[in-house]
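K.L.:
Okay, handing you the structure first.
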Amino acid sequence: MNSSRGGNGPMMKKRLNEIAEDTIVEDFLFFTLGCAIGDWRNTERVDLITNSYCRNIDQPMSQSVRSIGGNEPDSQLTEILRLIVRRSTDFAQVVGVWNTLPVECQTQLLNATLLQVHLLRFASFFDEAEDSFRPAANTSLTHGDLLETLAVDVVDQDEMDELRELLTCLFSLARSLADLQLDDRLLAVLSAMFIFDPSNVSDPSLTEVVSYAHARLDEMLHALVDEASDGVGTTRAFARLLAT
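For reference, each letter of the sequence shown is one residue, going 500 to 743 in the numbering used here.
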């Protein structure tokens, strides 16, 4: 018995070291992703991010806008922007590292990505058959509709050209999304990736932890793409989307 125990000693020590290392990794992933980790890529982790996305980002603005007091357009715009920032912050909190970041860093991450996140959401409303956006069942917005609406106060020709180019890019992005047929899970994880982009962090001491969260989200995203992929066509379309 003693010889048996002696023979297993090195193996047991190795196993204990592995368990300790696994615990450290799990603690770090808990710290960054805000949840206990078994297989961090499993459905539960993706569901946490997706539920937060649906609760905070994928919500209509119309009712919230109607509840905003005052008739001044500037006042309404300010309140809408505050609402967007608040919802985006609430969404980002699903990734646990967010609450450990200084406010200055949080602000940098949001300022750099708010437009991306909400353009992605709007682009997901694209109806390929009608070549228009359908943000609601009774609403359809063509290229002409959007140009007419957004160009109301535009008088400078250069600004008008920029607006046309922006809309062209938006429709191009929307068509790429239509090719991919992204569901809420993919939209949610991709949006979280946008927010946790380490290139938008100015403090070098914070880059590593944001990079780690971004890398885990990236792996989640590619796992979902592989799960939904129908072959090379989907992979190429996804690559075009990330390059947009």
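Note that beta-carbon positions come from the ideal geometry of N, C-alpha and C, so glycine has one too. This structure is a prediction, so every number in the text was calculated from the model and none was measured.
Roughly how many whole angstroms lie between the Cα atoms of Y552 and G643?
P.N.:
Indexing the sequence shown from 1 puts residue 552 at position 53. Indexing the sequence shown from 1 puts residue 643 at position 144. When rounded, the distance between both Cα atoms is 30 Å.
K.L.:
Sort R581, I579, R586 and A591 by Cα distance to V688 and report the nearest one.
P.N.:
Locating residue 688 in the sequence shown gives position 189, where the first residue counts as 1. Looking at the Cα atoms, A591 is the closest of the given residues.
K.L.:
Below 8 Å between beta carbons: does that hold for V594 and A712?
P.N.:
As a working mapping, residue 594 is identified with position 95 in the sequence shown. As a working mapping, residue 712 is identified with position 213 in the sequence shown. Result yes, Cβ atoms of V594 and A712 sit closer than 8 Å.
K.L.:
So if DSSP puts S671 in a beta bridge, which residue, or which two residues, is it bridged to?
P.N.:
Mapped onto the sequence shown, residue 671 falls at position 172. Paired residue(s): none; S671 is not in a bridge.
K.L.:
Using DSSP with H/G/I as helix, E/B as strand and the rest coil, what is L614?
P.N.:
As a first step, residue 614 must be located in the sequence shown, where it is residue number 115. Three-state result, L614: helix.
K.L.:
Report yes or no: do the region 636-654 and the region 703-711 share at least 3 C-beta pairs separated by less than 8 Å?
P.N.:
no
K.L.:
Return the Cβ separation of L646 and L672 in integer angstroms, given the expectation that the two are a contact with Cβ distance under 8 Å.
P.N.:
The residue labelled residue 646 in the question sits at position 147 within the sequence shown. The residue labelled residue 672 in the question sits at position 173 within the sequence shown. Rounded, the Cβ-Cβ distance is 16 Å, inconsistent with contact.
K.L.:
Could you spell out the range, first to last residue, of the beta strand (DSSP E) harbouring A635?
P.N.:
Position 136 of the sequence shown, counted from the first residue, corresponds to residue 635. Following the DSSP letters along the chain, one finds A635 inside the beta strand (DSSP E) bounded by residues S631 to A635.
K.L.:
Strictly by DSSP, which residues pair up with L640?
P.N.:
Mapped onto the sequence shown, residue 640 falls at position 141. For L640, which the question treats as bridged, DSSP gives the partners F632.
K.L.:
Does DSSP put L723 in a helix, in a strand, or in coil?
P.N.:
For the purposes of this step, residue 723 is identified with residue 224 of the sequence shown, where counting begins at 1. Reduced to three states, the DSSP call for L723 is helix.
K.L.:
For D626, name the three-state secondary structure that DSSP assigns.
P.N.:
By one-based count along the sequence shown, residue 626 stands at place 127. D626: strand per DSSP, three-state reduction.
K.L.:
Exposed or buried, which one is V602 when buried takes at least 16 other CB atoms within 10 Å?
P.N.:
Position 103 of the sequence shown, counting from 1, holds the residue named residue 602. By the neighbour-count rule (16 or more Cβ atoms within 10 Å), V602 is not buried but exposed.
K.L.:
Going by alpha carbons, who is nearest to R585 out of L685, E664, Q605 and T648?
P.N.:
The residue labelled residue 585 in the question sits at position 86 within the sequence shown. Measuring from the Cα of R585, the nearest candidate turns out to be Q605.
K.L.:
Under three-state DSSP, which class holds S551?
P.N.:
Residue mapping note: residue 551 aligns to position 52 of the sequence shown, counting from 1. Helix, per DSSP.
K.L.:
Less than 8 Å between the beta carbons of L609 and T577, yes or no?
P.N.:
As a working note, residue 609 is residue 110 in the sequence shown. As a working note, residue 577 is residue 78 in the sequence shown. Result no, Cβ atoms of L609 and T577 do not sit closer than 8 Å.
K.L.:
Residues in its own chain within less than 6 Å of I627 by CB, not counting five upstream and five downstream?
P.N.:
Position 128 of the sequence shown, counted from the first residue, corresponds to residue 627. This sequence places Glu at residue 627; Ile is not what is there. The answer, listed in chain order, is A677.
K.L.:
Once the 5 residues before and after R620 are set aside, which same chain residues still bring their CB inside 8 Å of it?
P.N.:
Position 121 of the sequence shown, counted from the start, is the residue given in the question as residue 620. Contacts found: I556, D557, L686 and S690.
K.L.:
Three-state secondary structure (DSSP) at L600?
P.N.:
Along the sequence shown, one-based indexing puts residue 600 at 101. Coil.
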